[in-house]
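As given, the protein sequences belong to chains A and B, one line each in that order.
When we follow this note's numbering, the leftmost residue of the first sequence carries the number -5, and every step to the right adds one.
When we follow this note's numbering, the leftmost residue of the second sequence carries the number 89, and every step to the right adds one.
To start, the structure under review is shown below, and the notes come after it.
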Amino acid sequence: MFKISILLFTIINIYANEPISPIPLDSGIDIEKAKLGKKLFFDTILSKDNSTACVSCHDVSQGGADSNTVSTGFGGKKGNIQSPTVFNARYNFKQFWNGRVDTLAQQASGPLNNPVEHNMNPKIIEKRLNNSKIYKKLFSKIYNISNIKYRYVIDAIVEFENGLITPNSKFDRYLRGELQLTSDEKNGYKLFKQYGCITCHNGINIGSNSFQKMGTFIEYDTTANYPDKKAITNKKIHHNVFKVPTLRNINLTAPYFHDGVAKTLSEAINIMAKHNLGVELSKKEVSDLKAFLLTLEGEKPTILESN
Amino acid sequence: MVQRDFTRNHKAVLISTNNLAHHQSKLTYLILQNSIYTYQNQDKIKDKIKELLDEYKVLKNSTLLKEETYNNINQEIIKLKKKIDINIENIEDYLMFNARIKNSLLFLTRHVENVEFLEIKNNEIFIKANYILKHFYDAKRIQDLDYLDKDEFLLHSDSKDKKVQDFIKKFNLHSNFIMKNFIDYINSVNSVLNNNIYDSIIDITTQFSKLALKDFEALDTFAFILFMIFIISLATIIYLLYSSIQKNHILQITSDSLQHSLTYDQLTDLYNRKALENKLDIIDKPTILLINIDGFKNINDIYGNQVGDDLLIKTANLIKSELSFIDKLDIFRLGGDEFGVLFENIDDKEILEIANSLEKVISKHNFIFKDLKLNISVSIVSNNIYPILENADLTLKLLKQDHTKRVMRYTDDLNLKKSVEENMKTVDIIKNAIKDDRIIPYFQPIVNLKTLKIEKYEALVRLKLDDGTILPPYKFLETSKKSSQYYEITEIMFNKVIQTAKEYPQYRFSLNISMIDILNDKLIAILYDCFDKNLATVSRIDIELLESEFLEDTKKIQKFIKKVNSYGSKILIDDFGTGYSNFSYFSELDIDLVKIDGSIVSEIVDDKKKLHILKTIHQFTNGMKMTNVAEYVESREIALILQEVGVEYAQGYYFSQPVTKPLENCEVTI
Chain A
-5 MFKISILLFT
5 IINIYANEPI
15 SPIPLDSGID
25 IEKAKLGKKL
35 FFDTILSKDN
45 STACVSCHDV
55 SQGGADSNTV
65 STGFGGKKGN
75 IQSPTVFNAR
85 YNFKQFWNGR
95 VDTLAQQASG
105 PLNNPVEHNM
115 NPKIIEKRLN
125 NSKIYKKLFS
135 KIYNISNIKY
145 RYVIDAIVEF
155 ENGLITPNSK
165 FDRYLRGELQ
175 LTSDEKNGYK
185 LFKQYGCITC
195 HNGINIGSNS
205 FQKMGTFIEY
215 DTTANYPDKK
225 AITNKKIHHN
235 VFKVPTLRNI
245 NLTAPYFHDG
255 VAKTLSEAIN
265 IMAKHNLGVE
275 LSKKEVSDLK
285 AFLLTLEGEK
295 PTILESN
Chain B
89 MVQRDFTRNH
99 KAVLISTNNL
109 AHHQSKLTYL
119 ILQNSIYTYQ
129 NQDKIKDKIK
139 ELLDEYKVLK
149 NSTLLKEETY
159 NNINQEIIKL
169 KKKIDINIEN
179 IEDYLMFNAR
189 IKNSLLFLTR
199 HVENVEFLEI
209 KNNEIFIKAN
219 YILKHFYDAK
229 RIQDLDYLDK
239 DEFLLHSDSK
249 DKKVQDFIKK
259 FNLHSNFIMK
269 NFIDYINSVN
279 SVLNNNIYDS
289 IIDITTQFSK
299 LALKDFEALD
309 TFAFILFMIF
319 IISLATIIYL
329 LYSSIQKNHI
339 LQITSDSLQH
349 SLTYDQLTDL
359 YNRKALENKL
369 DIIDKPTILL
379 INIDGFKNIN
389 DIYGNQVGDD
399 LLIKTANLIK
409 SELSFIDKLD
419 IFRLGGDEFG
429 VLFENIDDKE
439 ILEIANSLEK
449 VISKHNFIFK
459 DLKLNISVSI
469 VSNNIYPILE
479 NADLTLKLLK
489 QDHTKRVMRY
499 TDDLNLKKSV
509 EENMKTVDII
519 KNAIKDDRII
529 PYFQPIVNLK
539 TLKIEKYEAL
549 VRLKLDDGTI
559 LPPYKFLETS
569 KKSSQYYEIT
579 EIMFNKVIQT
589 AKEYPQYRFS
599 LNISMIDILN
609 DKLIAILYDC
619 FDKNLATVSR
629 IDIELLESEF
639 LEDTKKIQKF
649 IKKVNSYGSK
659 ILIDDFGTGY
669 SNFSYFSELD
679 IDLVKIDGSI
689 VSEIVDDKKK
699 LHILKTIHQF
709 TNGMKMTNVA
719 EYVESREIAL
729 ILQEVGVEYA
739 QGYYFSQPVT
749 KPLENCEVTI
């Protein structure tokens, strides 16, 4: 823990001026608690028909997201928006596409209680888990409780999610001065800054710290009804306004955008440039940008390996 | 503790509001930074917002603000939260709008940078483009909507050059975009930067401080009150302490004065008996002089207490002045009529000299009171043998009995104490004897010398001890006179003698009564009572009068004699010829018999003078129709002479000792 704080301190001081900051190496989680959370994360017991687990839509083998445009939940029902990645989600300033909740704990209750996702409620969850000897034993060991309560279930899951960080991406290591980027990657980063991608995609999670309009420059699809910020504030200016997604591990989380329209990175880059920046990119530029984006892939979370 | 808690809570609130203001300030700064810099890590803004909201939670939950006094503050804080929330929304919107303006400006800048071809061929466009760009930047800096109120921020060209048209197209796209979004951008900047959250927080802080001040004042007042209570308690304690010291002092003075009055006689300005006793304990080889005024009671009775008191004062002063030449002495007033002088280490001879001279001076001194002149006499006793005071007192008692002396010194030879002890023993003996009926009359026959027959018996009081020893009257009678025992003995004697008289009707019996007894009404009452109860026998009871010096009221005695005579009793004068015997008796009192004292009778064989006296008495008494009894007849010769002289009766050992019962045989022989 002390090492981490030193490291963080150094990082903060050195890279205080860079708009992107690296992920710390140690997640600082309670391993045993996180293991329990992992078990729950993977357990379909937490869905009404035992079909769906958290991992179903936030697939840790698919960058923590879903390779489908929308996910499938309880009773084969479809979701209404692209599943965002669970990796590094702890660094999001808010959760969900329209940032309607602040914390991971608040987010977890969403899918659990959503009729088209897990279709559960706290009582049933408690009942099911209390009927399981293994879970009773685990919860008793970790929390020293004899009766499993909903809030402890959430707490364990969140602890696991806190462990889903992907440090040591190439770009992070470049930021720490551990290696050099290729000229393409470097150029990509330069372009990233020049064209203003960085205006929205900055911070530790390279995004996820502000709301922006999808289709800032040129209006994006206005017909569809996605859960955007307007769904919360009911203001016209908030139409198609979403939380800026993270670009970390972006090469793993296709398809892209809230509607999952872009299937490849190049597609996504081009749509972004046209709709949000009002820029036409050359092929070389797209390629360099892509090269840069690829450096944002980090190591698999260590918690996934441990048993 | 209350104050400490309050101070802590108060501080907590102030710290919270301070932090809140700081965070808000910093947030505004970050926004400003964001609007100026091209690149910014927006995590800072997001983190600062989180800090702000967290600090707000802390403030909202402050312990102090839960109190009613701060209700208004709570309302203000809720209003503040609304402002903060609005501000955060505004920031989110600002970030949206700012991104647009920033990116497009950035685009235009680069766009204009990368056109070398324009610089050469279509200079106007290049210049115009720069001009427009400059205006956009100015507008952004000036933040004035009016600044962009021109239509001239689009490029035109008639050039057929594709590159130029392409340039213009792209340029105008962004230029329009900027203009379209500029209002929203400016407004959002204004709304974010012109929030008055910071001022509101300061207001709240000020309000809070005002209210807290009241609380502090209350606490201060409370503390002040406590402090005052403390001071007052302290003052009270000091006052009580002081007052108790004062009281103690007064107590001491009172105690001293009491002590003084205990040992001090106010009248004469001398110390009293108590002081003398105390002094006796202290000094070495003490000698005391007791000076007692003779007959002081009479002076008081005759001349009054005022004179009496005055006399005491004058006497005290006289003693003081007479003894003033002596160093180590103290003068005390010891009693109603008694003074004491205490000497230390004085010679026996010297003390006697002093005593004698003092006595003479006092007796010679004329005490003058207004229109009265008095002389007094004193009895003075000296003593230096322990116990000082007691021995002196006893000696004084003894001295009082001796009318010849005025000054006496105590010696152990006086055996005073023994007499006191004996006295006390005697009292006890008498008491027991009375109780156990051991007061017994003994009877001595009185013989008619002519008929040689016993005609009378003299009743003599005896006391029989437990062990059978018979005590004669001189051993107990005087002592009995000091108390009511005398009356009891007298009554017993009367009754027993009368009783005996009843049993022996052939004889007459005589009882001894001293003249002073006759003056005692109580005693006489007992006598009359006895007589009244035994009228028949009483005619054979005679009274033998014993004389003493207090014979003033002869009338009373004559009255007695008359009464007694009426019962049939005869009166005898006892021990005639000695002591106070006086022929004047016969002129005033009706006497029947005269008993000639033994001191005369016993000597008539050898002493011619005494024989002559005897004859004279006999002649004289016969001449007044009285008969004689000769006492202490102890020999035959005496009896023969008496017969010859013609004395009628005789009493004495020769005939019989006193016996317990009258003799059966009334005949005697010479």
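Backbone N, C-alpha and C define an ideal beta-carbon position, used for all residues, glycine too.
Give a yes or no on whether the minimum CB-CB distance between L194(B) and chain A is below 8 Å.
Output row for L194(B): interface = yes.
Excluding five sequence neighbours on each side, which residues of the same chain lie with their C-beta closer than 8 Å to the C-beta of K402(B)?
F455
The beta strand (DSSP E) enclosing K251(B), as first and last residue numbers
Per DSSP, K251(B) belongs to no beta strand (DSSP E); it is in the alpha helix (DSSP H), K250 to L281.
Bridge partners - S602(B), DSSP secondary structure assignment
According to DSSP, which records beta bridges pairwise, S602(B) is partnered with L634(B).
From this set, T46(A), E12(A) and L158(A), which residue's C-alpha is nearest P105(A)'s C-alpha?
T46(A)
Going along the chain, which residues of its own chain have a beta-carbon closer than 6 Å to the beta-carbon of K416(B), five neighbours each way excluded?
So the list reads E432, once near-sequence residues are dropped.
Going by DSSP in three states, Y9(A) sits in which element: helix, strand or coil?
Caution applies to Y9(A), whose pLDDT of 49 falls short of 50 and renders its modelled position unreliable; the value that the coordinates give is listed next. Note: Y9(A) maps to coil in three-state DSSP.
Comparing C-alpha positions only, which one of N479(B), G392(B) and L358(B) sits nearest to V429(B)?
L358(B)
How many Å lie between K647(B) and V495(B) at the Cα?
Looking at the backbone, the Cα of K647(B) and that of V495(B) are separated by about 41 Å.
If you check the beta carbons only, do G665(B) and I645(B) fall under 8 Å apart?
No, the Cβ-Cβ distance between G665(B) and I645(B) is not below 8 Å.
Using a threshold of 8 Å, state whether the C-beta atoms of P78(A) and W91(A) are closer than that.
yes
Coil, strand or helix - I468(B) by DSSP
Strand at I468(B).
Just the Cα atoms here: how many angstroms apart are I226(A) and I176(B)?
15 Å
Which value, in whole angstroms, describes the spacing of the CA atoms of N270(A) and A262(A)?
Those two C-alpha atoms are separated by around 11 Å.
Which residues share a DSSP beta bridge with N243(A)?
N243(A) is not bridged to any residue.
If you measure between the beta carbons of T306(A) and P295(A), is that distance less than 8 Å?
Chain A is shown only over -5 to 301; residue 306(A) falls outside these bounds and no answer can be derived.
Just to confirm, are K190(B) and T193(A) a CB contact at a threshold of 8 Å?
yes
With a 10 Å radius around its C-beta and 16 neighbouring C-beta atoms as the bar for buried, classify D183(A) as buried or exposed.
Note on residue identity: the sequence assigns Tyr, not Asp, to residue 183(A). So Y183(A) ends up on the buried side.
Secondary structure, alpha helix (DSSP H): runs of 4+ residues fully inside the region 16 to 92 of chain A
25 to 35 and 48 to 51
Once DSSP output is grouped into helix, strand and coil, what is the label at Y127(B)?
coil
Opposite I558(B) in the DSSP bridges: which residues?
In the DSSP secondary-structure assignment, I558(B) is bridged to K552(B).
Less than 8 Å separating the beta-carbons of K88(A) and E120(A)?
no
Here's the rule: buried if 16 or more other CB atoms are within 10 angstroms of the residue's CB, otherwise exposed. What is L398(B)?
It should be noted that the sequence gives Asp, not Leu, for residue 398(B). D398(B) counts as buried, since no fewer than 16 other beta carbons sit within 10 angstroms of its beta carbon.
Whole-angstrom Cβ separation of E546(B) and Q745(B), contact assumed at under 8 Å?
Going by Cβ atoms, the distance from E546(B) to Q745(B) rounds to 12 Å, so no, they are not a contact pair.
Rounded to whole angstroms, what is the Cα-Cα separation between V733(B) and Y655(B)?
32 Å
Run through DSSP, which three-state label would V747(B) get?
strand
So with CB distances below 9 Å, who are the chain A contacts of E217(B)?
Rather than Glu, the amino acid found at residue 217(B) in this sequence is Ala. Per Cβ cutoff of 9 Å: no residues; A217(B) is ~16 Å from chain A at best.
List the endpoints of the continuous beta strand (DSSP E) containing F427(B).
E426 to E432
Quick one, are the C-beta atoms of A718(B) and I684(B) less than 8 Å apart?
yes
To the nearest angstrom, report how far apart Y741(B) and G556(B) are at their CA atoms.
Using only the alpha carbons, I get a separation of about 22 Å.
Where the alpha helix (DSSP H) containing T375(B) begins and where it ends:
No alpha helix (DSSP H) holds T375(B); the beta strand (DSSP E) holding it covers P374 to I381.
Using only CA atoms, which one of L194(B), L102(B), E426(B) and D232(B) lies nearest to Q295(B)?
Considering only alpha carbons, the answer is L102(B).
State the start and end residues of the unbroken alpha helix (DSSP H) segment that holds A102(A).
Note, A102(A): alpha helix (DSSP H), L98 to N107.
Under 8 Å, do L460(B) and Y391(B) count as touching if we go by C-beta distance?
yes
If you follow the alpha helix (DSSP H) that N753(B) is part of, which residue opens it and which one closes it?
It is not in any alpha helix (DSSP H) - N753(B) carries neither H nor E in the DSSP assignment.
Supposed close pair E180(B), F205(A) - CB separation, criterion 8 Å:
In this structure, E180(B) and F205(A) form a Cβ contact; the two beta carbons are roughly 5 Å apart against a cut-off of 8 Å.
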